[in-house]
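These notes concern the structure reproduced below.
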Amino acid sequence: MNRRDNLRALVAAISISTAGVVACGGGGGGGSPAFVPVAQDKPVTITSMGPNPVDLWNKTAADTITVPAASSGTPEERQPLYDADLATLNVAIYDALAAITKAYRPFMVAMPDDPARGSLPQDYAVHGAAYTVLSTLFPSRSARYQSTYDAAIAAADADAQAAVRFGAEVARKVLAQRADDGRWTPVPAYVPGTAPGQFRGVNPVALTRPYLRPFSLRAADQFRASGPPALDSDAYAADVKETMAMGSAGSARRSAAQTENARFHTEAPPVFWTRNLRQFATSKPSLMENARLMAMLWVGLADASTACFESKYHFNFWRPTTAIRLADTDGNAATEPDAQWTPVVTTPNHPEYPAAHACNTGALGESLRQAFGTSRVQFAFNSTVTGTTHPFDSVEAMNENVQQARIHGGMHFRTATVHGRALGEKVVQQLLREHFTAASP
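In this note's numbering, the protein residues as written are 1218 to 1658.
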(Lines of atoms letter the chains of each structure in order from A and count residues from 1; the text may use other names and numbers.)
(Lines give C-alpha, C1' and ligand atoms only; values in the text may rest on other atoms or scores of the structure.)
Protein backbone atom coordinates (compact mmCIF):
# COMPACT_ATOMS: atom_id res chain seq x y z
CA MET A 1 0.00 0.00 0.00
CA ASN A 2 1.53 3.36 -1.03
CA ARG A 3 1.52 6.59 0.95
CA ARG A 4 -1.61 7.88 -0.77
CA ASP A 5 -3.48 4.66 -0.06
CA ASN A 6 -2.33 4.75 3.55
CA LEU A 7 -3.65 8.29 3.89
CA ARG A 8 -6.91 7.40 2.20
CA ALA A 9 -7.46 4.49 4.57
CA LEU A 10 -6.56 6.63 7.57
CA VAL A 11 -8.77 9.61 6.84
CA ALA A 12 -11.65 7.44 5.71
CA ALA A 13 -11.69 6.04 9.23
CA ILE A 14 -12.15 9.45 10.83
CA SER A 15 -15.48 9.60 12.67
CA ILE A 16 -17.57 12.47 11.45
CA SER A 17 -21.02 11.21 12.53
CA THR A 18 -20.74 10.77 15.86
CA ALA A 19 -21.97 41.20 33.67
CA GLY A 20 -20.75 43.34 30.77
CA VAL A 21 -21.56 42.80 27.12
CA VAL A 22 -18.99 43.65 24.46
CA ALA A 23 -20.34 45.14 21.23
CA CYS A 24 -21.17 42.47 18.64
CA GLY A 25 -17.97 40.94 17.35
CA GLY A 26 -16.10 42.57 20.25
CA GLY A 27 -13.72 41.17 22.79
CA GLY A 28 -10.67 41.67 20.62
CA GLY A 29 -9.76 45.32 20.35
CA GLY A 30 -7.57 46.70 17.62
CA GLY A 31 -4.50 46.39 19.82
CA SER A 32 -4.79 42.64 20.35
CA PRO A 33 -2.02 40.44 18.92
CA ALA A 34 -2.64 38.47 15.76
CA PHE A 35 -3.27 34.76 16.13
CA VAL A 36 -0.40 33.42 14.05
CA PRO A 37 0.96 30.08 15.36
CA VAL A 38 4.47 28.93 14.63
CA ALA A 39 4.69 27.37 11.19
CA GLN A 40 5.65 23.72 11.08
CA ASP A 41 6.62 21.31 8.33
CA LYS A 42 5.12 18.16 9.84
CA PRO A 43 1.61 17.28 8.65
CA VAL A 44 -1.25 17.13 11.13
CA THR A 45 -3.79 14.35 10.66
CA ILE A 46 -7.25 15.02 12.05
CA THR A 47 -8.26 12.17 14.32
CA SER A 48 -10.93 11.94 16.96
CA MET A 49 -9.86 12.28 20.59
CA GLY A 50 -13.21 10.99 21.76
CA PRO A 51 -16.74 12.33 22.18
CA ASN A 52 -17.34 15.56 24.07
CA PRO A 53 -20.22 18.00 24.66
CA VAL A 54 -19.06 20.39 21.91
CA ASP A 55 -19.40 17.59 19.38
CA LEU A 56 -22.70 16.46 20.90
CA TRP A 57 -24.28 19.89 20.61
CA ASN A 58 -22.96 20.54 17.12
CA LYS A 59 -24.63 17.31 16.02
CA THR A 60 -27.83 18.20 17.87
CA ALA A 61 -27.81 21.73 16.49
CA ALA A 62 -27.34 20.46 12.94
CA ASP A 63 -30.33 18.14 13.36
CA THR A 64 -32.35 21.08 14.68
CA ILE A 65 -31.39 23.68 12.09
CA THR A 66 -31.15 21.74 8.83
CA VAL A 67 -34.85 21.04 8.36
CA PRO A 68 -37.29 22.86 6.09
CA ALA A 69 -38.22 26.36 7.17
CA ALA A 70 -41.49 26.79 9.02
CA SER A 71 -44.29 29.10 7.89
CA SER A 72 -44.51 30.68 11.33
CA GLY A 73 -42.50 31.01 14.50
CA THR A 74 -39.24 32.76 15.30
CA PRO A 75 -37.20 34.45 12.56
CA GLU A 76 -34.78 31.53 12.74
CA GLU A 77 -37.53 28.93 12.40
CA ARG A 78 -38.93 30.74 9.38
CA GLN A 79 -35.52 31.31 7.81
CA PRO A 80 -32.76 29.21 9.35
CA LEU A 81 -29.24 30.16 8.29
CA TYR A 82 -27.18 27.13 9.22
CA ASP A 83 -23.79 28.86 9.29
CA ALA A 84 -24.94 31.92 11.24
CA ASP A 85 -27.00 29.84 13.68
CA LEU A 86 -24.12 27.40 14.25
CA ALA A 87 -21.82 30.38 14.76
CA THR A 88 -24.15 31.76 17.43
CA LEU A 89 -24.26 28.40 19.20
CA ASN A 90 -20.49 27.93 19.14
CA VAL A 91 -19.74 31.50 20.21
CA ALA A 92 -22.00 31.01 23.24
CA ILE A 93 -20.16 27.79 24.12
CA TYR A 94 -16.75 29.40 23.56
CA ASP A 95 -17.53 32.51 25.62
CA ALA A 96 -18.86 30.41 28.50
CA LEU A 97 -15.72 28.25 28.59
CA ALA A 98 -13.41 31.23 28.10
CA ALA A 99 -14.97 32.82 31.20
CA ILE A 100 -14.43 29.63 33.20
CA THR A 101 -10.92 28.72 32.03
CA LYS A 102 -9.63 32.27 31.49
CA ALA A 103 -7.44 30.79 28.75
CA TYR A 104 -8.73 33.01 25.93
CA ARG A 105 -10.32 36.38 25.50
CA PRO A 106 -14.11 36.36 25.03
CA PHE A 107 -15.47 36.83 21.55
CA MET A 108 -18.74 38.60 22.35
CA VAL A 109 -19.55 38.50 26.07
CA ALA A 110 -17.17 39.56 28.84
CA MET A 111 -18.46 38.32 32.19
CA PRO A 112 -17.49 39.97 35.50
CA ASP A 113 -14.53 38.25 37.11
CA ASP A 114 -15.39 35.60 39.70
CA PRO A 115 -12.56 33.48 41.17
CA ALA A 116 -15.03 30.74 42.15
CA ARG A 117 -16.08 30.25 38.53
CA GLY A 118 -12.94 28.29 37.69
CA SER A 119 -14.24 25.25 39.56
CA LEU A 120 -17.47 24.99 37.57
CA PRO A 121 -17.79 21.73 35.56
CA GLN A 122 -17.11 22.78 31.98
CA ASP A 123 -19.26 20.08 30.38
CA TYR A 124 -22.35 21.41 32.10
CA ALA A 125 -21.62 24.99 31.05
CA VAL A 126 -21.61 23.74 27.46
CA HIS A 127 -24.97 22.03 27.99
CA GLY A 128 -26.49 25.20 29.44
CA ALA A 129 -25.15 27.47 26.69
CA ALA A 130 -26.08 25.24 23.77
CA TYR A 131 -29.54 24.37 25.04
CA THR A 132 -30.35 28.02 25.66
CA VAL A 133 -29.38 28.99 22.12
CA LEU A 134 -31.45 26.23 20.52
CA SER A 135 -34.48 26.62 22.77
CA THR A 136 -34.52 30.38 22.16
CA LEU A 137 -34.00 30.33 18.40
CA PHE A 138 -35.96 27.14 17.66
CA PRO A 139 -38.59 26.68 20.41
CA SER A 140 -40.92 24.74 18.12
CA ARG A 141 -38.25 22.13 17.35
CA SER A 142 -37.72 20.94 20.92
CA ALA A 143 -38.24 17.32 19.88
CA ARG A 144 -34.81 17.51 18.28
CA TYR A 145 -32.87 18.68 21.33
CA GLN A 146 -34.89 18.39 24.55
CA SER A 147 -34.12 14.72 25.22
CA THR A 148 -30.41 15.33 24.64
CA TYR A 149 -30.43 18.12 27.20
CA ASP A 150 -32.50 16.17 29.73
CA ALA A 151 -30.12 13.22 29.54
CA ALA A 152 -27.06 15.47 29.76
CA ILE A 153 -28.11 17.14 33.01
CA ALA A 154 -29.95 14.24 34.63
CA ALA A 155 -27.18 13.59 37.14
CA ALA A 156 -26.25 17.24 37.75
CA ASP A 157 -25.27 18.04 41.32
CA ALA A 158 -25.28 21.56 42.79
CA ASP A 159 -22.01 22.57 41.10
CA ALA A 160 -23.15 21.16 37.77
CA GLN A 161 -26.46 23.00 38.03
CA ALA A 162 -24.55 26.22 38.71
CA ALA A 163 -22.48 25.58 35.58
CA VAL A 164 -25.66 25.01 33.54
CA ARG A 165 -27.08 28.31 34.79
CA PHE A 166 -23.83 30.11 33.98
CA GLY A 167 -23.69 28.72 30.44
CA ALA A 168 -27.30 29.78 29.95
CA GLU A 169 -26.54 33.28 31.22
CA VAL A 170 -23.69 33.70 28.75
CA ALA A 171 -25.86 32.36 25.93
CA ARG A 172 -28.64 34.84 26.69
CA LYS A 173 -26.16 37.70 26.39
CA VAL A 174 -24.87 36.35 23.10
CA LEU A 175 -28.43 35.99 21.83
CA ALA A 176 -29.19 39.57 22.82
CA GLN A 177 -26.27 40.72 20.68
CA ARG A 178 -27.46 38.65 17.70
CA ALA A 179 -31.15 39.57 17.96
CA ASP A 180 -32.67 41.11 14.82
CA ASP A 181 -29.63 40.10 12.82
CA GLY A 182 -30.94 41.28 9.47
CA ARG A 183 -32.02 37.98 7.96
CA TRP A 184 -35.50 39.41 7.39
CA THR A 185 -34.39 42.74 5.91
CA PRO A 186 -36.95 43.84 3.28
CA VAL A 187 -35.36 43.99 -0.16
CA PRO A 188 -36.83 45.06 -3.52
CA ALA A 189 -38.08 42.37 -5.85
CA TYR A 190 -35.23 41.09 -7.98
CA VAL A 191 -35.32 42.13 -11.63
CA PRO A 192 -33.32 39.80 -13.92
CA GLY A 193 -30.68 41.51 -16.01
CA THR A 194 -30.84 41.87 -19.75
CA ALA A 195 -27.46 43.38 -20.63
CA PRO A 196 -24.41 41.25 -21.51
CA GLY A 197 -22.75 40.00 -18.34
CA GLN A 198 -25.83 40.33 -16.12
CA PHE A 199 -27.37 37.45 -14.17
CA ARG A 200 -30.71 36.31 -15.61
CA GLY A 201 -32.12 34.30 -12.71
CA VAL A 202 -35.77 34.58 -11.71
CA ASN A 203 -36.51 34.78 -7.96
CA PRO A 204 -32.89 34.04 -6.97
CA VAL A 205 -32.07 32.79 -3.49
CA ALA A 206 -30.29 34.51 -0.58
CA LEU A 207 -31.26 38.05 -1.57
CA THR A 208 -31.21 39.14 2.09
CA ARG A 209 -27.90 37.46 2.94
CA PRO A 210 -25.81 40.59 2.21
CA TYR A 211 -27.82 42.34 4.95
CA LEU A 212 -27.06 39.80 7.68
CA ARG A 213 -25.12 41.53 10.43
CA PRO A 214 -21.60 40.07 10.44
CA PHE A 215 -20.05 38.54 13.53
CA SER A 216 -16.60 40.01 13.05
CA LEU A 217 -16.49 42.01 9.83
CA ARG A 218 -17.05 45.74 10.16
CA ALA A 219 -19.40 45.54 7.18
CA ALA A 220 -20.42 42.91 4.65
CA ASP A 221 -18.52 44.74 1.92
CA GLN A 222 -15.27 45.06 3.91
CA PHE A 223 -13.52 42.57 1.64
CA ARG A 224 -15.66 42.93 -1.47
CA ALA A 225 -14.13 40.93 -4.32
CA SER A 226 -12.34 42.90 -7.03
CA GLY A 227 -14.77 41.89 -9.76
CA PRO A 228 -15.00 39.49 -12.70
CA PRO A 229 -12.83 40.10 -15.76
CA ALA A 230 -14.11 42.48 -18.43
CA LEU A 231 -16.18 40.72 -21.05
CA ASP A 232 -13.80 41.76 -23.84
CA SER A 233 -10.67 40.59 -22.01
CA ASP A 234 -8.43 37.61 -22.72
CA ALA A 235 -8.97 36.44 -19.13
CA TYR A 236 -12.73 36.27 -19.65
CA ALA A 237 -12.33 34.38 -22.92
CA ALA A 238 -10.06 31.86 -21.20
CA ASP A 239 -12.62 31.39 -18.40
CA VAL A 240 -15.43 30.79 -20.88
CA LYS A 241 -13.45 28.34 -22.99
CA GLU A 242 -12.40 26.27 -19.96
CA THR A 243 -15.89 25.95 -18.46
CA MET A 244 -17.45 25.44 -21.88
CA ALA A 245 -15.13 22.51 -22.60
CA MET A 246 -14.94 20.93 -19.14
CA GLY A 247 -18.38 21.64 -17.67
CA SER A 248 -20.79 20.70 -20.42
CA ALA A 249 -23.15 17.78 -19.99
CA GLY A 250 -21.60 16.02 -22.97
CA SER A 251 -17.97 16.94 -22.42
CA ALA A 252 -15.49 14.50 -23.93
CA ARG A 253 -12.61 16.09 -22.02
CA ARG A 254 -13.96 15.65 -18.50
CA SER A 255 -12.93 12.37 -16.88
CA ALA A 256 -15.19 10.12 -14.83
CA ALA A 257 -13.29 11.18 -11.70
CA GLN A 258 -13.86 14.84 -12.51
CA THR A 259 -17.56 14.21 -13.03
CA GLU A 260 -17.75 12.39 -9.70
CA ASN A 261 -16.00 15.31 -8.02
CA ALA A 262 -18.43 17.81 -9.52
CA ARG A 263 -21.36 15.76 -8.23
CA PHE A 264 -19.67 15.19 -4.85
CA HIS A 265 -19.89 18.91 -4.07
CA THR A 266 -23.56 19.30 -5.02
CA GLU A 267 -24.88 18.03 -1.69
CA ALA A 268 -26.95 20.73 0.03
CA PRO A 269 -24.44 22.93 1.90
CA PRO A 270 -26.34 22.97 5.23
CA VAL A 271 -26.15 19.19 5.42
CA PHE A 272 -22.70 18.79 3.86
CA TRP A 273 -20.93 21.35 6.04
CA THR A 274 -22.59 20.59 9.37
CA ARG A 275 -21.76 16.90 8.98
CA ASN A 276 -18.22 17.23 7.67
CA LEU A 277 -17.08 19.98 10.03
CA ARG A 278 -17.99 17.92 13.09
CA GLN A 279 -14.76 15.97 12.78
CA PHE A 280 -12.95 19.06 14.07
CA ALA A 281 -15.08 19.17 17.24
CA THR A 282 -13.14 16.16 18.59
CA SER A 283 -9.73 16.98 17.09
CA LYS A 284 -8.24 18.90 20.04
CA PRO A 285 -7.12 17.59 23.44
CA SER A 286 -9.37 19.78 25.62
CA LEU A 287 -12.96 20.96 25.67
CA MET A 288 -11.84 24.60 25.56
CA GLU A 289 -9.66 24.00 22.50
CA ASN A 290 -12.44 22.18 20.65
CA ALA A 291 -14.90 24.96 21.50
CA ARG A 292 -12.44 27.57 20.27
CA LEU A 293 -11.80 25.75 17.00
CA MET A 294 -15.50 25.24 16.25
CA ALA A 295 -16.29 28.88 17.01
CA MET A 296 -13.46 29.94 14.70
CA LEU A 297 -14.69 27.69 11.90
CA TRP A 298 -18.33 28.69 12.08
CA VAL A 299 -17.80 32.43 12.55
CA GLY A 300 -15.36 32.34 9.63
CA LEU A 301 -17.80 30.47 7.41
CA ALA A 302 -20.75 32.69 8.38
CA ASP A 303 -18.93 35.94 7.69
CA ALA A 304 -17.31 34.59 4.51
CA SER A 305 -20.75 33.63 3.20
CA THR A 306 -22.23 37.02 4.04
CA ALA A 307 -19.32 38.79 2.34
CA CYS A 308 -19.54 36.43 -0.62
CA PHE A 309 -23.21 37.12 -1.26
CA GLU A 310 -22.65 40.85 -0.86
CA SER A 311 -20.14 40.59 -3.71
CA LYS A 312 -22.45 38.31 -5.71
CA TYR A 313 -25.34 40.74 -5.74
CA HIS A 314 -23.08 43.75 -6.16
CA PHE A 315 -21.53 42.43 -9.40
CA ASN A 316 -24.62 40.41 -10.47
CA PHE A 317 -22.58 38.41 -12.98
CA TRP A 318 -24.11 35.90 -15.36
CA ARG A 319 -23.70 32.15 -15.06
CA PRO A 320 -21.83 30.05 -17.64
CA THR A 321 -25.08 28.71 -19.12
CA THR A 322 -26.16 32.22 -20.10
CA ALA A 323 -22.68 33.43 -20.97
CA ILE A 324 -21.98 30.54 -23.34
CA ARG A 325 -25.37 30.54 -25.02
CA LEU A 326 -25.15 34.31 -25.54
CA ALA A 327 -21.44 34.54 -26.29
CA ASP A 328 -22.21 36.38 -29.52
CA THR A 329 -23.38 39.35 -27.40
CA ASP A 330 -20.34 39.72 -25.12
CA GLY A 331 -18.20 41.75 -27.51
CA ASN A 332 -15.34 39.28 -27.26
CA ALA A 333 -14.09 37.92 -30.60
CA ALA A 334 -12.45 34.97 -28.82
CA THR A 335 -15.71 33.46 -27.50
CA GLU A 336 -18.19 31.51 -29.60
CA PRO A 337 -21.84 30.84 -28.70
CA ASP A 338 -23.41 27.44 -28.26
CA ALA A 339 -27.17 27.86 -27.96
CA GLN A 340 -27.61 24.27 -26.75
CA TRP A 341 -24.86 24.26 -24.12
CA THR A 342 -25.95 22.70 -20.79
CA PRO A 343 -23.90 22.17 -17.60
CA VAL A 344 -23.42 18.64 -16.29
CA VAL A 345 -24.96 19.48 -12.89
CA THR A 346 -27.68 21.93 -11.88
CA THR A 347 -26.59 25.54 -11.47
CA PRO A 348 -27.64 27.28 -8.21
CA ASN A 349 -30.01 30.22 -8.62
CA HIS A 350 -27.79 33.13 -7.60
CA PRO A 351 -25.13 35.20 -9.40
CA GLU A 352 -21.91 33.51 -10.50
CA TYR A 353 -19.18 35.73 -9.07
CA PRO A 354 -17.56 34.97 -6.68
CA ALA A 355 -18.05 31.24 -6.13
CA ALA A 356 -19.69 30.59 -2.75
CA HIS A 357 -18.12 27.15 -2.29
CA ALA A 358 -14.70 28.71 -2.83
CA CYS A 359 -15.49 31.49 -0.34
CA ASN A 360 -16.34 28.82 2.23
CA THR A 361 -13.31 26.61 1.64
CA GLY A 362 -11.04 29.65 1.56
CA ALA A 363 -12.30 30.57 5.03
CA LEU A 364 -12.15 26.99 6.30
CA GLY A 365 -8.66 26.40 4.95
CA GLU A 366 -7.28 29.57 6.52
CA SER A 367 -8.88 28.73 9.87
CA LEU A 368 -7.32 25.25 9.83
CA ARG A 369 -3.94 26.56 8.72
CA GLN A 370 -3.78 28.97 11.62
CA ALA A 371 -5.35 26.64 14.18
CA PHE A 372 -2.91 23.80 13.48
CA GLY A 373 0.10 25.88 12.46
CA THR A 374 0.49 24.26 9.05
CA SER A 375 -1.20 24.02 5.68
CA ARG A 376 -0.57 20.27 5.73
CA VAL A 377 -3.72 19.41 7.65
CA GLN A 378 -4.92 15.97 6.55
CA PHE A 379 -8.62 15.20 6.73
CA ALA A 380 -11.51 13.93 4.61
CA PHE A 381 -14.98 14.94 3.50
CA ASN A 382 -17.79 12.63 2.42
CA SER A 383 -20.87 13.24 0.29
CA THR A 384 -24.26 11.55 0.34
CA VAL A 385 -24.72 12.45 -3.34
CA THR A 386 -21.95 10.14 -4.51
CA GLY A 387 -21.55 7.95 -1.43
CA THR A 388 -17.80 8.53 -1.56
CA THR A 389 -15.09 9.99 0.66
CA HIS A 390 -12.42 12.44 -0.52
CA PRO A 391 -9.19 12.62 1.49
CA PHE A 392 -7.07 15.78 1.44
CA ASP A 393 -3.34 16.07 2.13
CA SER A 394 -3.57 19.80 2.79
CA VAL A 395 -5.85 22.80 2.81
CA GLU A 396 -4.51 23.65 -0.65
CA ALA A 397 -5.66 20.24 -1.91
CA MET A 398 -9.14 20.88 -0.49
CA ASN A 399 -9.35 24.31 -2.09
CA GLU A 400 -8.17 23.04 -5.46
CA ASN A 401 -10.60 20.11 -5.30
CA VAL A 402 -13.57 22.39 -4.70
CA GLN A 403 -12.50 24.95 -7.31
CA GLN A 404 -12.18 22.23 -9.95
CA ALA A 405 -15.57 20.80 -8.96
CA ARG A 406 -17.35 24.08 -9.64
CA ILE A 407 -15.65 24.50 -13.04
CA HIS A 408 -16.09 20.89 -14.10
CA GLY A 409 -19.71 21.04 -12.99
CA GLY A 410 -20.31 23.92 -15.41
CA MET A 411 -21.48 26.26 -12.66
CA HIS A 412 -18.55 28.66 -12.43
CA PHE A 413 -15.64 30.29 -14.18
CA ARG A 414 -12.14 29.93 -12.78
CA THR A 415 -11.81 33.59 -11.80
CA ALA A 416 -14.86 33.29 -9.53
CA THR A 417 -13.29 30.37 -7.68
CA VAL A 418 -9.90 32.08 -7.29
CA HIS A 419 -11.40 35.33 -6.06
CA GLY A 420 -13.87 33.47 -3.83
CA ARG A 421 -11.07 31.63 -2.07
CA ALA A 422 -9.16 34.89 -1.59
CA LEU A 423 -12.22 36.57 -0.09
CA GLY A 424 -12.73 33.74 2.41
CA GLU A 425 -9.07 33.85 3.43
CA LYS A 426 -9.19 37.61 3.99
CA VAL A 427 -12.28 37.27 6.19
CA VAL A 428 -10.55 34.75 8.46
CA GLN A 429 -7.24 36.60 8.54
CA GLN A 430 -9.10 39.65 9.85
CA LEU A 431 -11.10 37.49 12.27
CA LEU A 432 -8.00 35.91 13.79
CA ARG A 433 -6.12 39.18 14.03
CA GLU A 434 -8.75 40.40 16.46
CA HIS A 435 -10.36 37.36 18.10
CA PHE A 436 -9.74 34.01 19.77
CA THR A 437 -6.44 35.24 21.19
CA ALA A 438 -4.93 34.16 24.50
CA ALA A 439 -6.12 35.97 27.61
CA SER A 440 -3.81 38.52 29.14
CA PRO A 441 -1.69 37.19 32.03
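Note that the Cβ used here is the ideal one computed from N, Cα and C, for glycine as well.
Looking only at its own chain, which residues have a Cβ that is under 7 Å from the Cβ of residue 1549, when we skip the five neighbours before and after it?
Same-chain partners within the cutoff: 1448, 1449, 1453, 1454.
For residue 1588, collect the residues of the same chain with a Cβ closer than 7 Å to its Cβ; drop the 5 residues on either side in sequence, then sort them by chain order.
Around residue 1588: 1510, 1513.
Since residue 1597 is in the beta strand (DSSP E), which residue starts that stretch and which ends it?
It spans 1594-1600 - the beta strand (DSSP E) in which residue 1597 sits, taken as one unbroken run.
If you scan the region 1370-1426 from start to end, which runs of the alpha helix (DSSP H) of 4 or more residues do you find wholly inside it?
Listed in chain order, the complete alpha helix (DSSP H) runs (minimum 4 residues) inside the region 1370-1426 are 1375-1395.
Using a Cβ-Cβ cutoff of less than 6 Å, which residues in the same chain neighbour residue 1380 once the five nearest sequence positions on both sides are dropped?
Only 1337, 1338, 1341, 1342 meet the Cβ criterion.
From 1292, 1529, 1259, 1369, pick the residue whose C-alpha is nearest to that of residue 1424; which is it?
Here the closest residue by C-alpha is 1529.
Round the Cβ separation of residue 1648 and residue 1516 to the nearest angstrom and send it over; I've been treating them as touching at under 8 Å.
6 Å between Cβ atoms; contact.
Would you kindly report the start and end of the unbroken alpha helix (DSSP H) that includes residue 1609?
Residue 1609 -> not in any alpha helix (DSSP H); beta strand (DSSP E) instead, spanning 1605-1609.
Considering only C-alpha positions, which residue in the set 1346, 1399, 1282 is nearest to residue 1358?
Among 1346, 1399, 1282, the Cα nearest to that of residue 1358 is on 1282.
Does residue 1492 pass the burial test, meaning 16 or more other C-beta atoms within 10 Å, or should it be called exposed?
By the 10 Å Cβ count, residue 1492 comes out buried.
Answer with buried or exposed for residue 1445, where buried requires no fewer than 16 other C-beta atoms within 10 angstroms of its C-beta.
Looking at its Cβ environment, which holds 16 or more other Cβ atoms inside 10 Å, residue 1445 is buried.
Classify residue 1478: buried if its beta carbon has 16 or more other beta carbons within 10 angstroms, exposed otherwise.
Burial call: buried.
Please classify residue 1394 as buried or exposed, where buried requires at least 16 other C-beta atoms within 10 Å of its C-beta.
Buried.
Taking three-plus beta-carbon pairs below 8 Å as touching, is the region 1413-1427 in contact with the region 1561-1578?
Enough Cβ pairs lie closer than 8 Å, so yes.
State the beta-bridge partners of residue 1655 as determined by DSSP.
Residue 1655 pairs with 1321.
Pull the bridge partners of residue 1338 from the DSSP assignment, please.
None; residue 1338 has no bridge partner.
For residue 1461, collect the residues of the same chain with a Cβ closer than 6 Å to its Cβ; drop the 5 residues on either side in sequence, then sort them by chain order.
Only 1541 meet the Cβ criterion.
Am I right that residue 1499 and residue 1437 are in contact with their C-beta atoms under 8 Å? What's the rounded C-beta distance?
Actually they do not touch by this definition, with Cβ atoms about 32 Å apart.
Evaluate residue 1553 with the Cβ neighbour count: other Cβ atoms within 10 Å of its Cβ, from every protein chain shown; 16 or more gives buried, anything less gives exposed.
When all chains shown are included, residue 1553 counts as exposed.
On the three-state DSSP scale, how would you describe residue 1589?
Helix, per DSSP.
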